[in-house]
Amino acid sequence: MGAQQQGWLSIAIYFGFFLVIFWVLVLLPRKRQEKKHKAVLDNLKRGDKVVTIGGLRGDIAKVKDDVFVIKVNDNVELEFVKKAVAYKVEDK
Numbered sequence: 132m133g134a135q136q137q138g139w140l141s142i143a144i145y146f147g148f149f150l151v152i153f154w155v156l157v158l159l160p161r162k163r164q165e166k167k168h169k170a171v172l173d174n175l176k177r178g179d180k181v182v183t184i185g186g187l188r189g190d191i192a193k194v195k196d197d198v199f200v201i202k203v204n205d206n207v208e209l210e211f212v213k214k215a216v217a218y219k220v221e222d223k
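Counting from 132, one number per residue, gives the positions in the sequence shown under the working numbering.
1) So, is Asp173 buried or exposed, given that buried needs 16 or more other C-beta atoms within 10 angstroms?
2) At which residues does the beta strand (DSSP E) containing Arg188 begin and terminate?
3) Measuring CB to CB, does Lys202 end up less than 8 Å from Glu208?
4) Cβ of Val181 within 8 Å of Cβ of Val220?
5) Using the three-state DSSP reduction, which class does Leu140 fall into: helix, strand or coil?
This is how it looks when you write it as structure tokens:
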């Protein structure tokens, strides 16, 4: 009976070790990336140049609660959910 319990204990330790490694290598960096993206979205303002997740580039024309209106051309303004903005284009 003692050897069987020791076998289950070693399996549980390996499984726990695997979960810790998975958390450190996969989940923790993803959470950091999400926080960083949220901070970028919260700091966007009218006139900032952005790129959407679909690849459309434009300037922010209006900021609403959970929506950006992005001007992609002189006569074209599109409305996007804030999470659809991939990143802000930095001026060089």
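We put the beta carbon where it would ideally sit given N, CA and C, even for glycine. Note that this is a predicted model, so its numbers are computed, not measured.
Reading off the structure:
1) Residue 173 sits at position 42 when you count from the first residue of the sequence shown. With fewer than 16 other Cβ atoms within 10 Å, it is exposed.
2) Residue mapping note: residue 188 aligns to position 57 of the sequence shown, counting from 1. It spans Arg188 to Val194 - the beta strand (DSSP E) in which Arg188 sits, taken as one unbroken run.
3) Residue mapping note: residue 202 aligns to position 71 of the sequence shown, counting from 1. Residue mapping note: residue 208 aligns to position 77 of the sequence shown, counting from 1. Taking 8 Å as the Cβ cut-off, Lys202 and Glu208 qualify as a contacting pair.
4) In the sequence shown, residue 181 corresponds to position 50, counting from 1. In the sequence shown, residue 220 corresponds to position 89, counting from 1. Yes. Within cutoff.
5) Taking the first residue of the sequence shown as position 1, residue 140 is located at position 9. Correct three-state label for Leu140: helix.
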